Amino acid sequence: MKVKHFRGNNISKVMLEVKKELGREAVILETRQLPGQGGSLVEIVAAIDYPDDHFVPGLGINRYSNPLAASTISCQTPAGQQTGFFASAGYRELRQEVVLMKKMLNRLLETTGFPGEWAAGGVLAELYQQLLLKGIHEEVCRSLLDRVVNQLSAEKSASRETAIGCLARQIIDDVPLLKVDQIGRLVTLVGPTGVGKTTTVAKLAAFFSQEKNEDIGLISVDTFRLGATAQIREYARRLQVPVRVVKSHAAMEQALEEFSSRDRIIIDTMGRSHHDEKGLQALQQILPANHEVTSFLVVPAGIQEDDLLDVLVQFRRFAYGALLFSKLDETTCHGILLRGCQLARLPLSFFATGQLVPEDMEEASGERVASLLLDLS
Numbered sequence: 006m007k008v009k010h011f012r013g014n015n016i017s018k019v020m021l022e023v024k025k026e027l028g029r030e031a032v033i034l035e036t037r038q039l040p041g042q043g044g045s046l047v048e049i050v051a052a053i054d055y056p057d058d059h060f061v062p063g064l065g066i067n068r069y070s071n072p073l074a075a076s077t078i079s080c081q082t083p084a085g086q087q088t089g090f091f092a093s094a095g096y097r098e099l100r101q102e103v104v105l106m107k108k109m110l111n112r113l114l115e116t117t118g119f120p121g122e123w124a125a126g127g128v129l130a131e132l133y134q135q136l137l138l139k140g141i142h143e144e145v146c147r148s149l150l151d152r153v154v155n156q157l158s159a160e161k162s163a164s165r166e167t168a169i170g171c172l173a174r175q176i177i178d179d180v181p182l183l184k185v186d187q188i189g190r191l192v193t194l195v196g197p198t199g200v201g202k203t204t205t206v207a208k209l210a211a212f213f214s215q216e217k218n219e220d221i222g223l224i225s226v227d228t229f230r231l232g233a234t235a236q237i238r239e240y241a242r243r244l245q246v247p248v249r250v251v252k253s254h255a256a257m258e259q260a261l262e263e264f265s266s267r268d269r270i271i272i273d274t275m276g277r278s279h280h281d282e283k284g285l286q287a288l289q290q291i292l293p294a295n296h297e298v299t300s301f302l303v304v305p306a307g308i309q310e311d312d313l314l315d316v317l318v319q320f321r322r323f324a325y326g327a328l329l330f331s332k333l334d335e336t337t338c339h340g341i342l343l344r345g346c347q348l349a350r351l352p353l354s355f356f357a358t359g360q361l362v363p364e365d366m367e368e369a370s371g372e373r374v375a376s377l378l379l380d381l382s
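Residue numbering for the sequence shown follows the numbering used here, beginning at 6 and increasing consecutively.
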C-alpha cells in the first residue's frame, strides 16, 4: 500500500494530482485546511491498496505496470505455496493496515456530516470519492449527497443502484439548459485561444442547416490565426453555406446586411487570451452592436476552476448567455461542466466531443452530465 500527502491551494487541483498519481482506486484518508502564506492550503492524505491479483506472486511488481511484461511473464505459484513478500508477516500487517485505514475513512466521513449508517455501508463514501476525483468541488459534493440522504432517509438499506439513481437525478436537476428554440437568429462564439471555436462553428452550422433545415450564413472575424480563413472557407464549402471574412466593424455590419434574409447567422471570432486586454477590446469593437445576439462562451472541458473564473470575468464584456464546453473527449474529469454553470449562473448549450464535423457535437443535457460524472455510459 502507498500513502501520500498532497498539498495545494485548490482542492480540485489537488484531487486531480491524487487521481493522476494514485489512480481511480485511491482512498481519501483525510482532507484538511492548512494555514499558509498568501492564503490557506489544502492537504489531502490518500492511499492506494494493491490487491493480490495486481502483482506477479514472488516478484512484487505490478502486473499492469508494463503491458509487455504482463503478456510474457508467467510465474504463477501453486495455490497455498506463495513465497517471498506475500508469505511474509510484513504483508499480513500491511493488509491489516489497509482494513484499519478503511475504518478510519468511515469515521472521517461520519464526522464530516454523513450519517453513520451510510458511511459504514460505504455507498455515499464511494460516491463522495468518485465525485471529488471527477473534479467536483467539495462543497458541491456534500450538498448533492446531503440531498440524496434526505431523499432516501426512509430507505437506510437502499442499494447502490438506488443511491446512484437518486444522485443522478440531483445532478440533472442542478444543470440549467439553453434549449435550441431559445437561441437567437444571430449567434456569436467567443472564448480563449485553442478551444476549438472554428470547428464548433462548423458543427453548429451543420446542425442548424441539416437538422433544422435552415439557411445559414457564416461570418469570421478570425484573421489573426494562421490558416483560420482557409479553414472556415473549407468548412463553408463542404456545408454549402456562404461565408464572409471581416476585419472591421463596418465590414461586420455589411456582412450582416448581406445575410439579412438568412434564417441564422453564426459568427466565429479570433481566440484571445483572457489576459490580453487590448486584444479583447479590439474584438469587442468589431462585433455587432445594436443587434440581438446569443453569445456562447466556449471553454474546454479540461479547464481548471481558477482559470475558468478568470475567463468568465474577462469575457463578461461580450454578454455571453450560455456556456459551450468543448473537448469533452480530452478529459475524464468532467466536474467543471456542473461547476461552470454554477459559477457563471448560466445554462449549458452544446457539448463538443471530438474533431469530426458534424458528428462530434450534441445538445447539452443534465442526463449527459450525470452520466459523465457517475460513469453510467
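Backbone N, C-alpha and C define an ideal beta-carbon position, used for all residues, glycine too.
Because the structure is a prediction, the values reported are computed rather than measured.
- Residues of the same chain with a CB within less than 7 Å of the CB of Phe212, apart from the 5 flanking positions on each side, are Pro363 and Met366 in chain order.
- Spanning the alpha carbons of Ala233 and Gly345 requires a straight line of approximately 28 Å.
- Cβ-Cβ distances below 6 Å link Ile271 to Val192, Val206, Leu209, Ala210 and Leu223 in the same chain, with the five nearest sequence neighbours on each side left out; the list follows chain order.
- With respect to Ser300, Val195 sits close: the two C-beta atoms are nearer than 8 Å.
- The beta carbon of Glu368 sits closer than 7 Å to the beta carbons of Val185 and Phe355 from its chain, once the five residues preceding and following it are set aside; these are given in chain order.
- Across the structure, Tyr325 and Glu297 are spaced so that their CA atoms are roughly 12 Å apart.
- Closest in alpha carbon position to Ala327, among Val226, Asn15 and Gln347, is Gln347.
- The closest CA to that of Asp220, considering only Arg267, Ala235 and Lys252, is found on Arg267.
- For Arg238, the CB contacts under 7 Å within the same chain, skipping 5 residues up- and downstream, are Val248 in chain order.
- At the C-beta level, Asp273 and Val226 come within 8 Å of one another.
- Under DSSP, Asp273 forms a beta bridge with Leu194 and Ser225.
- Spanning the alpha carbons of Cys146 and Arg174 requires a straight line of approximately 14 Å.
- Within the stretch 296–360, the complete beta strand (DSSP E) runs of at least 3 residues fall at 298–305, 327–331 and 353–357.
- A buried status is given to Ser331, since no fewer than 16 other beta-carbon atoms sit within 10 Å of its beta-carbon.
- A check of alpha carbon separations from Arg190 across Phe264, Gln135 and Asp179 identifies Phe264 as the nearest.
- Of the residues Ala130, Leu138, Thr204 and Ile188, the one whose Cα lies closest to the Cα of Leu150 is Ala130.
- In the DSSP assignment, Arg249 falls within the unbroken beta strand (DSSP E) covering Val248 to Val250.
- Straight through space, the alpha carbons of Gly284 and Gly359 are spaced by roughly 28 Å.
- Your pair Gly127 and Ala357 does not check out as a contact, with CB atoms roughly 36 Å apart and the cut at 8 Å.
- The C-beta of Val318 has fewer than 16 other C-beta atoms within 10 Å across all chains shown, which makes the residue exposed.
- The DSSP-derived three-state label of Glu372 is helix.
- Per DSSP, the continuous beta strand (DSSP E) segment holding Arg12 begins and ends at Lys7 to Gly13.
- Gly340 sits buried, since 16 or more C-beta atoms from the chains shown fall within 10 Å of its C-beta.
- A direct Cα-to-Cα measurement between Val250 and Tyr240 gives close to 13 Å.
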